[in-house]
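For the sequence shown, the numbering used here assigns the number 947 to the initial residue and increments by one for each residue that follows.
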Amino acid sequence: MAHRGRRGLAVGLAAAVLLGVVGTLAAVPGTSADSRTRTFPPAGPAVQPVRTTAGERVVQIVAHPDDDLFFMNPDTAQSLATGRSLTSVYLTAGESDGVNARRDEPDPPAADKAAYAEARQNGIRAAYAEMATGDRTSPWSRTAVPTAGGGTAELDTLRAKPWISLVWVQLHEAGSINGDRPHSLHGLWDGRVDTLSSQLSSGTPVRKDFAYTKRQVVETVAGLLGRFRPTSVRIQDPTPGRTPKGTYTDHQDHMYGARFAQAALARYAAAPGHPAFGVQTYLGYSTGALPRTLSPADAEAKLRTLKTYAWADGTDHCGAPAGCGDRKVAARPAGHGWAQTVRHTRGESTTWTQPGPGGSAWAFSVLDQRLAVWHRAGATAGWTGPRLLGGGGIDTGVTSVRLPDGRMAVLGTRTTLGGRAADYRRDVVLRVQRARGGDFGPWTSLGTPERDDASGTSAVSAPAAVVDPSGRLTVFVRDSAHRLTGRAGLPDGAWGPWTPLGGSGLRGDPVAATDASGRHTVLVPTPSSVLAWAQGEPGGPLSGPLRTGLPATTLALNATADARGDGIRLWYRTPVTGEVRGAHFRGAGAGTGAGAGVPGTGERGVAGGTTPGSPHAGTAGTGTAAGAGMGKRAGSGPVPTAVPVKAAMLAPVASFVPSTGVAGFGPVGRSGDLLAVRSRAGVLATTRTRERSRPVPGTDLAARAGWTEGRFLLAGAPAGLPGGIAAIGLDGTLHWTPSDRTGTAALGSRPEGPESLRR
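Shown next, in the form of structure tokens:
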């Protein structure tokens, strides 16, 4: 990361393609000396028509011209393969120090920021052309287009597939991961500078330099969204967190570019007539230090694309004096492990569906930054929806629980932008039906365990929740310090404080389940294992963190009550292979001290011989004194917890599912014996299976024969209900796979903008 920061990774800003120019263009600072090397192509039309397709339309917004290849691929390649619209928007030019050479180059060229920015554009065009057509030299049409922010952007369209577009906003990059660079997206967001100027590439058809205010950047990106009308938007992680030293865990351009994208999405969501959209966020630098999610074949395909971008073979295939790719990346095309993995930071909940009485069911998602609701009145009835409820700013990924009186409760996180940079925050929010089967009340804020945004960049996970027979709801999140934190409430609306529950090194989202006897268990992944917090008796305190002895996972979990009433089941996937695994935590409750009624308790790192192939015990951490020993069963105080005196273990029995060849990453959905996952192709894959206590030998073809793959790219994670699997596509459509057959059916039309709020 330090090497990447020193070279000042490329920045490219999203330009809005509109026929009219809106807003006042800010004054342009002095032009840099690098601009004297610019050469202009022949003038083209003022506006280049762009073709979009019906159905799903994806827009990706990134800071630098390689962020999509490092951190969003293979999702990018999967979208290109569908024949549907894909547009990538680059917020900065990525000019770095202007030297297009490997660090070990004995005779590097002279610094030329405009030329280096062009070389990176050439590399991106080659990479996309190769992914889309198999030919890196497949030509592009390039033109200058006015933006809603009052400037000009470059729009590139792949001639062979004109629904594939690239937009270059060409703003200055920060040139440092954490360094104090006021003339950057970070400085503009914080108000340290009034405008951020352009850095035009040497080959761009954009003729004049410009500068944007903060408002104009938002208008530019929002205008672009209005032009391409996406149903799915991919952005980088706006809340990546900080290291123990207090520095950002990701590049500041990534983080603040994503926040500009969020502000533009909020503006676009309020515009009339647009199709409702979903949002997916992607982890940046730190994903390389986490368990790998891509199979060797998929990692190799991703690496080939990166080598094309890096112009690894040095062949002059583009005829540009600036060069045909980014030679800095050629020194390490795999990045810091980034070519072997991709990781979503939102939308991995498998509890966005809930069964109701008489075969009825509910499904919840986030479209247009609002809660989207589908409903089925009975087991044989059709699904209706989605109905978009009021109250915006909701982040992708919601969870739901059914209250004892039959009402549904939905939880998620909400981003508040505010008028000032210091107003940015994320809080946990709750929405409850007013009556069983009826309308939902407004969102209620449960606050946040974070002191402020500056200390941890609001890096909290999606919530998990459990509910007692009395109606007491307890909510859990992973905070920015990578601990488990909880907050308990009562039916009368009172809530206790956010209480740290211990653990260390937690990543991903917590999951929670209640067994048939009413005992709660919370499980959270670490990079090497899974930690647990469990009740010894219904209503008792949570003991934890407890080691499970499970091996590393891809950090996406699914926990449910055992169908036979014997404890809970955990489903996860193994790194690299994407194999599906199950873990059965039997019904004997966990005690409040080490070895007190905890199944499988043994010495540190010993799983009682019940977990084959799991030598990693993870890190149980030191627990927390706050809330320790609070055994009250109800109340508005802190979450009742009991931290073990020494490391204890809640050891499951692991099981294996034949899934070789499906690969992929993300959570496992389950409905009875029907399992559902995201396959390596990004589509829904389902199978009926019987768990086994050890791996089943056999060929890839034999193992994969039981899996059926769908034909739509998956948004988020599949979720199980009695009678089938629910999944949502990139066009916002709910798909239903009944348990009695393997095919999926798309259910109804997706909403087309704010008018759907009145349905």
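Where is the CB? At the ideal position from N, CA and C, for every residue including glycine.
Check, Outcome
"Spatial distance of Gly-1343 from Ala-1509 (CA atoms)", "25 Å"
"Local conformation of Ile-1123 per DSSP, three classes", "coil"
"Touching by the beta-carbon criterion (3+ pairs, under 8 Å), the region 1005–1022 and the region 1191–1208", "yes"
"Classification of Ser-1346 by the beta-carbon crowding that lies within 10 angstroms, buried from 16 upward", "buried"
"Three-state class that DSSP yields for Phe-1016 in the structure shown", "helix"
"Whole-number beta carbon distance between His-1129 and His-1118, since they are thought to touch under 8 Å", "6 Å"
"First and last residue of the uninterrupted beta strand (DSSP E) at Trp-1308", "1307–1313"
"Within the region 1191–1250, ranges of the alpha helix (DSSP H) (whole runs, at least 4 residues)", "1198–1215"
"Any beta strand (DSSP E) of 3 or more consecutive residues that is wholly inside the region 1396–1459", "1410–1413, 1419–1424, 1430–1434, 1445–1448"
"Cβ neighbour criterion (16 or more within 10 Å) applied to Thr-1251", "buried"
"Same chain only: Cβ atoms within 7 Å of Pro-1176, ignoring 5 sequence neighbours per side", "Arg-1003, Val-1004, Val-1005, Phe-1223"
"Proximity below 9 Å, CB of Gly-1203 to CB of Leu-1037", "yes"
"Sequence-distant residues of the same chain with beta carbon closer than 8 Å to Arg-1292, five excluded per side", "Val-1225, Gln-1226, Thr-1227, Asp-1341, Thr-1342, Gly-1343, Ala-1408"
"Terminal residues of the beta strand (DSSP E) in which Gln-1706 lies", "The structure shown has nothing for residue 1706, since the chain only spans 947 to 1705."
"Contact set for Val-1139: own chain, Cβ-Cβ below 7 Å, skip 5 residues either direction", "Pro-1128, His-1129, Gly-1133"
"Segments of 3+ residues assigned as beta strand (DSSP E) that fall wholly inside the region 1345–1399", "1345–1348, 1354–1362, 1371–1378, 1390–1393"
"Member of Leu-1667, Thr-1022, Ser-1087, Gly-1137 whose CA lies at the smallest distance from the CA of Ala-1368", "Gly-1137"
"Contact set for Val-1412: own chain, Cβ-Cβ below 6 Å, skip 5 residues either direction", "Thr-1420, Ala-1458, Thr-1460, His-1466"
"Rounded straight-line distance, which links the Cα of Ala-1120 to that of Gln-1145", "12 Å"
"Buried versus exposed, by CB contacts within 10 Å (16 or more), Pro-1218", "exposed"
"Length of the line joining the Cα atoms of Gly-1464 and Phe-1611", "31 Å"
"CB-CB length for Ala-1498 against Pro-1237, believed under 8 Å", "5 Å"
"Bounding residues of the beta strand (DSSP E) (the contiguous stretch that carries Ile-932)", "Absent from the model: residue 932. The displayed extent of the chain is 947 to 1705, so no value can be given."
"Proximity winner among Tyr-1231, Gly-1271, Ala-1039, relative to Val-1152 (alpha-carbon distances)", "Ala-1039"
"Cα-Cα separation between Trp-1257 and Lys-1160, rounded to whole angstroms", "34 Å"
"Gly-1352 versus Ser-1034: straight-line alpha-carbon distance, rounded", "44 Å"
"Touching by the beta-carbon criterion (3+ pairs, under 8 Å), the region 1389–1404 and the region 1362–1376", "yes"
"Contact set for Ser-1625: own chain, Cβ-Cβ below 6 Å, skip 5 residues either direction", "Val-1608, Gly-1610, Ala-1631, Glu-1655"
"3 or more residues per run - each beta strand (DSSP E) lying fully within the region 1274–1308", "1299–1301"
"Extent of the continuous beta strand (DSSP E) run through Gly-1133", "Per DSSP, Gly-1133 belongs to no beta strand (DSSP E); it is in the alpha helix (DSSP H), 1131–1136."
"Alpha-carbon spacing of Val-1179 relative to His-1220, whole angstroms", "13 Å"
"CB contact flag (Thr-1239, Arg-1289, <9 Å)", "yes"
"For Asp-1102, the three-state DSSP class (helix, strand or coil)", "strand"
"Reference Trp-1109, options Trp-1086, Gly-1669, Leu-1492, closest by Cα", "Trp-1086"
"The beta strand (DSSP E) enclosing Leu-1117, as first and last residue numbers", "1110–1117"
"Proximity of Pro-1613 and Tyr-1518 at Cβ, strictly below 9 Å", "yes"
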